[in-house]
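**Q** Residue numbers (our numbering), protein chains in the order written: chain A, 1 to 355; chain B, 1 to 355.
For each residue, glycine too, the CB sits at the ideal point set by N, CA and C.
Number of protein chains: 2
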Amino acid sequence: MTTLNQAETGVAAAELTAFVTRALVAAGLPQDDAAKLAQLMVAADLRGSDTHGVIRLPLYVRRLRAGGVNARPNIRVISDRPSVALIDGDNAMGHLVMCRAAELAIAKAKATGIGWVGARMSNHAGPAALYATMPLAHDMIGIYFAVGSNNHLPPWGGCESLLGTNPMAVAIPALQEPAIVLDMAPTVAAYGKVRLKAQRGEQMPPGWMIDRQGKPLTDPKRADEGYLLPIGDYKGYGLSLIIGLLAGALNRAALGRNVVDFVKETGKATNTGQAIAALSVESFMPATDFKQAVDHLIRDIRNSQRLPGVERIWLPGEQSHATLLHRRAHGVPMPKALRESLDALARDLAIAPLE
Amino acid sequence: MTTLNQAETGVAAAELTAFVTRALVAAGLPQDDAAKLAQLMVAADLRGSDTHGVIRLPLYVRRLRAGGVNARPNIRVISDRPSVALIDGDNAMGHLVMCRAAELAIAKAKATGIGWVGARMSNHAGPAALYATMPLAHDMIGIYFAVGSNNHLPPWGGCESLLGTNPMAVAIPALQEPAIVLDMAPTVAAYGKVRLKAQRGEQMPPGWMIDRQGKPLTDPKRADEGYLLPIGDYKGYGLSLIIGLLAGALNRAALGRNVVDFVKETGKATNTGQAIAALSVESFMPATDFKQAVDHLIRDIRNSQRLPGVERIWLPGEQSHATLLHRRAHGVPMPKALRESLDALARDLAIAPLE
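And the structure:
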């Protein structure tokens, strides 16, 4: 969970969105697509997904320029039933593919109660919560699955990384309370956290990774020699596999040995798979009744007895929501390293830098 | 996972089913309902779910006789859309409710690609895998969620058990390989395992439970003073909450403080909630193509490199499948304590005992 620092001030979302749009247009995207993608990337930063938002822009641009992503795609529905569809993303930026998938899932849920839309030939699409939360405005529950963009997780008992930190997110609407939004990978630690420890010269706690002997690996500089550990031992392995099958194999997208490392192989299509479901609350009861029940449960949980030393019990997504409110008012924090990488990108693309 | 003991021999499934049917008829169920329920309970034992099958019969009979469960229910669909329905179980045995729900979900998936059916006023229905595997025969993926029948899990940071070991199961069809079946609770240990440790006079490993100070609780005889721990810390808490909302609150079934302990309050309706989804593989591609891809992935995983000392990499559900094959041929094991409790039940109900 993101730790909220109320003292942070940063770049206004509109400014950041304009900069990202400029960069994506310079990298070859049509204006409308660039603007939509920029809005989604900044939305990730606003919610506190610092590792999955604008920080990825230089990599995205590198992939676009290397031909690893299609800047002018024809995203199309290749299989369509009343409540299920499969989209071929034509190797577009994943955000554009999954935005289209979410819209289609919502339309199907309006008509039949639920919509499930899978995508193939997509790409990294930012944080899972971005799409799981899209159905909320329609009084729908959102469920999202994705195949991770590289493999760092072996099967339980194994030492060959055939699986990824395949994320899932579920968003459930509330009335006066923030929606419940669970966004998680089935590994103890995300790989981004390992990289961060390495950058900071810190050790990892035991339980994050193991080495080829199955012993705890705590030096993040040696991460290439080791493997992430799943949550709940074989349970997290099972979750990663199931998410991979629903988001990948079922959509004829990459899974297992076919997964392309999107950082290392910038010129190669990843055939990333994702899936989103929208489930209409009104199919069960008036939406307000449900949302009131969710509020009630949220308050029961928040006000329940705490262990010694625990100041507050949080609901999934509550801290991200607080971050969202803060950053909408005070802007997105811009650490020095991020600012420098965006300035370098601006020079490289010959566009106006972020002010 | 169940450890397979190839030396076990036991009672033939047909004999056990006939006995359970007799007992349920004596407890007031119509013959057809009793036979269907018995078949499902024995199916749980056949797959190795020893804690969720016939061992529960005395409790079920106690609840039926105490009026806690309705032996002559009118199970009916109270909300119906093309791809979503809500069933009111009229406080029937959960197996009968969820069997009906699975049939309806499969029919909807045939018509529209996916069916999602929730249930309220249901009861304990045995292992989650029982229902998640029902769509497999129709080339569908099955997804099942349930609210656990008592609360042993606090919110993360809390010490008030507002949540249960809410299980989920997902079943994915394969071609020549056994289907992939993940059946898991979001806690490190199931409560049944804690009870088993107490019976055997063994200690629990740290990580299963904590006490009211948040310290590891390892004496299973003190389980009432403690709390189960979720997998992956706040992640397992989030999973339990989400599963509870999808299976409980969304169906106007019990969740949080409303959950009735079905062991302690045998005369009280539990309003248990469950949900099942069936997703048609043919909506995405010819089923054989998908199942071949699943076989391929299964073999890649099984044959991948192992950590030192690991003899075999298992797929989720593979050991249960091996148990099923063995028990179909050699019968369901009948430990002395179980045999005695079934004999006592037979005397109590004045029915012919298990031979």
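Buried or exposed, going by whether 16 or more other CB atoms sit within 10 Å of the CB of Pro173(B)?
**A** In the second sequence, the residue the question calls residue 173(B) occupies position 173. Buried, because 16 or more other Cβ atoms sit within 10 Å of the Cβ of Pro173(B).
**Q** Determine whether the beta carbon atoms of Gly158(A) and Ser341(B) lie at a separation below 8 Å.
**A** Against the first sequence, residue 158(A) aligns to sequence position 158. Against the second sequence, residue 341(B) aligns to sequence position 341. No; because the gap between Cβ atoms is not below 8 Å, this pair is not in contact.
**Q** Closest to Met334(A) by CA distance: which of Ala287(A), Leu46(A), Lys36(A) is it?
**A** For the purposes of this step, residue 334(A) is identified with residue 334 of the first sequence, where counting begins at 1. The option with the nearest alpha carbon to Met334(A) is Leu46(A).
**Q** Write down the C-beta distance between Ala356(B) and Val84(B) rounded to the nearest angstrom, noting that I regard them as a contact closer than 8 Å.
**A** It is not possible to answer for residue 356(B), since the shown part of chain B is limited to 1 through 355.
**Q** Could you compute how far the alpha carbon of Arg200(B) sits from the alpha carbon of Ala35(B)?
**A** Position 200 of the second sequence, counted from the start, is the residue given in the question as residue 200(B). Position 35 of the second sequence, counted from the start, is the residue given in the question as residue 35(B). Distance between the alpha carbons of Arg200(B) and Ala35(B) is about 34 Å.
**Q** Count the other CB atoms within 10 Å of the CB of Val181(B); is the residue buried (16 or more) or exposed (fewer)?
**A** Residue 181(B) sits at position 181 when you count from the first residue of the second sequence. Classification of Val181(B): buried, given that the 10 Å Cβ count is 16 or more.
**Q** Span of the alpha helix (DSSP H) holding Gly94(A)?
**A** Against the first sequence, residue 94(A) aligns to sequence position 94. Note, Gly94(A): alpha helix (DSSP H), 94–112.
**Q** Leaving out five residues before and five after Ile143(B) in sequence, what residues of the same chain have Cβ atoms less than 6 Å from its Cβ?
**A** As a working mapping, residue 143(B) is identified with position 143 in the second sequence. Same-chain partners within the cutoff: Val170, Ala277.
**Q** Which term fits Gly244(B), buried or exposed, when burial requires 16 or more other beta carbons within 10 angstroms of its beta carbon?
**A** If you number the second sequence from 1, residue 244(B) lands on position 244. Classification of Gly244(B): buried, given that the 10 Å Cβ count is 16 or more.
**Q** If you measure beta-carbon to beta-carbon, which residues of the segment 303–327 of chain B are closer than 7 Å to chain A?
**A** If the cut-off is 7 Å between Cβ atoms, the segment 303–327 of chain B has Ser304, Gln305, Arg306, Leu307, Pro308, Val310, Ile313, Pro316 near chain A.
**Q** According to a CB-to-CB cut-off of less than 7 Å, which residues of the segment 80–108 of chain A neighbour chain B?
**A** Result list: Arg81, Pro82, Ser83, Val84, Leu86.
**Q** By the three-class DSSP mapping on this structure, what secondary structure does Pro186(B) have?
**A** On the second sequence, position 186 is the one that residue 186(B) refers to. Correct three-state label for Pro186(B): coil.
**Q** With a threshold of 16 other CB atoms inside 10 Å of the CB of Lys235(A), please say whether the residue is buried or exposed.
**A** If you number the first sequence from 1, residue 235(A) lands on position 235. It counts as buried.
**Q** Would you check if the distance between the CB atom of Val259(B) and the CB atom of Asn150(B) is smaller than 8 Å?
**A** The sequence position of residue 259(B) within the second sequence is 259, counting from 1. The sequence position of residue 150(B) within the second sequence is 150, counting from 1. Against a cut-off of 8 Å, the Cβ pair of Asn150(B) and Val259(B) comes out as a contact.
**Q** Less than 8 Å between CB atoms is the rule here; does Gln203(A) satisfy it with respect to chain B?
**A** Taking the first residue of the first sequence as position 1, residue 203(A) is located at position 203. Judged by the 8 Å Cβ criterion, Gln203(A) is not in contact with chain B.
**Q** Give me the DSSP bridge partner(s) of Ser122(B).
**A** If you number the second sequence from 1, residue 122(B) lands on position 122. Ser122(B) is bridged to Thr272(B).
**Q** Taking the beta carbon of Asp50(A) as the centre, do at least 16 other beta carbons fall within 10 Å, making it buried, or is it exposed?
**A** Here residue 50(A) refers to the residue found at position 50 of the first sequence. Answer is buried; the Cβ neighbour count reaches 16.
**Q** State the DSSP-derived secondary structure class of Phe19(A), mapped to helix, strand or coil.
**A** The sequence position of residue 19(A) within the first sequence is 19, counting from 1. Three-state DSSP puts Phe19(A) in a helix.
**Q** Buried or exposed, going by whether 16 or more other CB atoms sit within 10 Å of the CB of Pro206(B)?
**A** The sequence position of residue 206(B) within the second sequence is 206, counting from 1. Exposed, by the Cβ-count rule.
**Q** Hey, is Trp116(A)'s beta-carbon within less than 8 Å of any beta-carbon in chain B?
**A** Here residue 116(A) refers to the residue found at position 116 of the first sequence. Cβ-Cβ to chain B under 8 Å: yes for Trp116(A).
**Q** Rounded C-beta distance between Asn251(A) and Ala119(A)? I'm assuming under 8 Å.
**A** For the purposes of this step, residue 251(A) is taken as residue 251 along the first sequence, with counting starting at 1. For the purposes of this step, residue 119(A) is taken as residue 119 along the first sequence, with counting starting at 1. The pair is a contact, with the Cβ atoms about 6 Å apart (cut-off 8 Å).
**Q** Report yes or no: do three or more beta-carbon pairs, one from the segment 65–73 of chain B and one from the segment 89–100 of chain A, lie closer than 8 Å?
**A** Verdict: no, contact absent.
**Q** Alpha carbon to alpha carbon, what distance is there between Glu355(A) and Leu345(A)?
**A** By one-based count along the first sequence, residue 345(A) stands at place 345. By one-based count along the first sequence, residue 355(A) stands at place 355. Cα to Cα, Leu345(A) sits roughly 14 Å from Glu355(A).
**Q** Nearest to Asp88(B) by CA position, among Asn74(B), His330(B), Val194(B), Ala13(B), is which residue?
**A** Start at 1 with the first residue of the second sequence, and residue 88(B) comes out as number 88. Comparing Cα positions, the closest option is Asn74(B).
**Q** Under the criterion of a Cβ to heavy atom distance below 7 Å, does Asp233(B) qualify as lining the ligand NAP?
**A** This structure does not include the ligand NAP; it has no bound ligands of any sort.
**Q** How many angstroms separate the CA atom of Ile313(A) from the CA atom of Gly214(B)?
**A** Here residue 313(A) corresponds to residue number 313 of the first sequence, with the count starting at 1. Here residue 214(B) corresponds to residue number 214 of the second sequence, with the count starting at 1. Distance between the alpha carbons of Ile313(A) and Gly214(B) is about 14 Å.
**Q** Name the one or two DSSP bridge partners that Ser280(A) has.
**A** Within the first sequence, numbered from 1, the residue matching residue 280(A) stands at position 280. DSSP lists Met140(A) as partners of Ser280(A).
**Q** Using 8 Å as the Cβ pair cut-off and three pairs as the minimum, do the segment 219–230 of chain A and the segment 262–271 of chain A touch?
**A** Judged by Cβ distances under 8 Å, the segment 219–230 of chain A makes no contact with the segment 262–271 of chain A, as fewer than three pairs qualify.
**Q** For a test of the three-state rule: what should DSSP assign to His152(B), helix, strand or coil?
**A** In the second sequence, counting from the first residue as 1, residue 152(B) sits at position 152. Residue state, collapsed to three classes: strand.
**Q** When the Cα atoms are used, what is the spatial distance from Gln6(B) to Leu324(B)?
**A** For the purposes of this step, residue 6(B) is taken as the residue at position 6 of the second sequence. For the purposes of this step, residue 324(B) is taken as the residue at position 324 of the second sequence. Residue confidence for Gln6(B) is low, a pLDDT of 42 falling below 50, so the modelled location carries little weight; the figure read from the coordinates is stated next. Their Cα atoms are separated by approximately 12 Å.
**Q** Quick check on DSSP: helix, strand or coil for Gly244(A)?
**A** Sequence index remark: in the first sequence, residue 244(A) carries index 244 (1-based). In the structure shown, Gly244(A) sits in a helix (DSSP, three-state: H, G or I).
**Q** Is it right to say Thr2(A) is buried, meaning 16 or more other beta carbons lie within 10 angstroms of its own, or is it exposed?
**A** As a working mapping, residue 2(A) is identified with position 2 in the first sequence. For Thr2(A), the pLDDT reaches just 44, beneath the cut-off of 50, and the residue's location in the model is therefore unreliable, although a value from the coordinates is still provided. Exposed, because fewer than 16 other Cβ atoms sit within 10 Å of the Cβ of Thr2(A).
**Q** Spatial neighbours of Gly115(B) within its chain, please: CB distance less than 6 Å, with the 5 preceding and 5 following residues excluded, ordered by chain position.
**A** Position 115 of the second sequence holds residue 115(B). These residues qualify, in order along the chain: Ser83, Ala105, Lys108, Ala109, Ala278.
**Q** Kindly indicate if chain B contains any beta-carbon less than 8 Å away from that of Pro155(A).
**A** In the first sequence, counting from the first residue as 1, residue 155(A) sits at position 155. With 8 Å as the cut-off, Pro155(A) counts as an interface residue toward chain B.
**Q** Chain B partners of Lys235(A), CB-CB under 7 Å?
**A** Locating residue 235(A) in the first sequence gives position 235, counting from the first residue. Chain B residues near Lys235(A): Met184, Ile231.
**Q** By DSSP, does Ser79(B) sit in helix, in strand, or in coil?
**A** Counted from its first residue, the second sequence places residue 79(B) at position 79. It is a strand residue.
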